[in-house]
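Q:
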Amino acid sequence: MESTDTDWYRQHFNEDYRTLYAARNDEEAEAQAAFASERLGIRPGDMVLDLCCGHGRHLEAFARRS
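To convert, take the position in the sequence shown, counting from 1, and add 438; that gives the numbering used here.
(1) Where does Y459 fall in DSSP's three states?
(2) Are the beta-carbon atoms belonging to R503 and A467 less than 8 Å from one another?
(3) Ordered along the chain, which non-local residues of its own chain (more than five positions away) have a Cβ less than 7 Å from that of A471?
(4) Out of curiosity, what's the CA-to-CA distance linking D464 and D488?
(5) Whole angstroms is fine: what's the gap from F473's alpha carbon to C490's?
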């Protein structure tokens with residue numbers, strides 16, 4: 439079995455990524471988390487799985503809602 443590079447996350451979501459997507463901010467993530475929570479019926483205390491979705495701004499927004 440081949441080993442995998444465990445630093446792929448740091449290599450992909452580096453400062454260039456944050457510069458390129460600077461307009462995607464916490465306010466946008468809050469609005470998107472609110473929309474998803476309403477549409478999907480996500481309530482405080484529910485678990486949300488965040489898979490390779492950037493540097494975590496949506497996960498932080500969901501956490502603030504709980």
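The C-beta atom is built at its ideal place from N, Cα and C for all residues, glycine as well.
The structure displayed is predicted, hence computed values, not measured ones.
A: Inspection of the coordinates gives the following:
(1) The sequence position of residue 459 within the sequence shown is 21, counting from 1. Here Y459 sits in coil by DSSP.
(2) The residue labelled residue 503 in the question sits at position 65 within the sequence shown. The residue labelled residue 467 in the question sits at position 29 within the sequence shown. No; because the gap between Cβ atoms is not below 8 Å, this pair is not in contact.
(3) Working through the sequence shown from its first residue, we reach residue 471 at position 33. Within the same chain, A471 has close Cβ partners H496, A499, F500 and R503.
(4) Reading the sequence shown from its first residue, position 26 is the one you call residue 464. Reading the sequence shown from its first residue, position 50 is the one you call residue 488. Roughly 16 Å separates the two Cα atoms.
(5) By one-based count along the sequence shown, residue 473 stands at place 35. By one-based count along the sequence shown, residue 490 stands at place 52. When the Cα atoms are used, F473 and C490 turn out to be separated by approximately 20 Å.
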